[in-house]
Amino acid sequence: MALFQNNDEPTQRKKRGIEKFADDYTIEYYEDKKGREKQRAVYIGPHIYVLEDEHSLKLKLIGVLLTSLIAVAAVLLSHMGEHASAWWFGTILPQAAALFPCMFVGFGLPNLPFNGKDMQRDQYMHGMIRLLNCFGAIAVIMAIELIAEIVYRATHSDWLFLSGDIAFLVKVFAAIVFSIVSVVILRSIDVDETELGVERTNSNK
């Protein structure tokens, strides 16, 4: 642990934020036009190749964009409007939790392979893998939201569904459905993870 580490020993590289994939890069020295020595980062890590043809990839990525926008919009809109359980903690907590994966969806979408070229590890993890995790989280959290709604109705003996209640449930259900569809589309994109597999095999030797 860092607090008890000997300062004479090399400190293990942190695996957080930007430094998480630092081992995938090396420093290359070169001379500019004026003969001055400069340095630049060169990627030496594994590549994840996109095996989809251009037309198929374009359709799938457009599908992911559309389903992502609908899923996130459904989560955000579920915070609006009046319904029976609107101020119940069992409703508020899942709704608040769902905002975090929604935020990271916005960070993940720009990293999708829109140009069809192979992806570096950081792009792949911050793009496709991050989105898979985010949509999985949204689907699970909003499913909990539905269960919480049933619990609220049962404990309060309130089974009268007004227009606001129905609209709320439609938004929650839409968030679940379109998150699942996003996961299905993402998983259908054909990529080659061979280099990642080889790296994992070598690291386990």
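In this text, residue positions in the sequence shown follow our numbering: the first is 62, and each later residue adds one.
C-beta atoms are modelled at their ideal positions from N, C-alpha and C, and glycine is treated no differently.
Per-residue burial, residue i [other beta carbons within 10 Å of its own, 16 or more giving buried]
i: I199; result: buried
i: I202; result: buried
i: N172; result: buried
i: M180; result: buried
i: G167; result: exposed
i: K178; result: exposed
i: T152; result: buried
i: M189; result: buried
i: A215; result: exposed
i: Y185; result: buried
i: I237; result: buried
i: H116; result: exposed
Alpha helix (DSSP H) segment containing residue i, residue limits
i: R214; result: 191-217
i: I227; result: 224-249
i: P155; result: 150-169
i: L126; result: 115-138
Residue i, DSSP secondary structure in three states
i: R101; result: strand
i: D85; result: helix
i: D179; result: coil
i: E143; result: coil
i: L92; result: The residue you asked about is not Leu; residue 92 is Glu in the sequence shown. Note: E92 maps to strand in three-state DSSP.
Inter-residue CB distance, residue i and residue j (contact presumed, cutoff 8 Å)
i: L193; j: V125; result: Between V125 and L193 the Cβ distance is about 11 Å, and since that is not below 8 Å, they are no contact.
i: Q156; j: S139; result: 6 Å
i: F229; j: H144; result: 4 Å
i: I131; j: F239; result: 5 Å
i: V252; j: Y110; result: 7 Å
i: R101; j: E89; result: 6 Å
i: R182; j: P107; result: 6 Å
i: I250; j: L137; result: Incorrect: roughly 26 Å between the Cβ atoms, too far for contact.
Endpoints, the beta strand (DSSP E) within which residue i is located
i: H108; result: 108-111
Any non-hydrogen atom of the ligand FAD closer than 6 Å to residue i Cβ
i: I109; result: What this structure holds is no ligand at all, so the ligand FAD is not there to describe.
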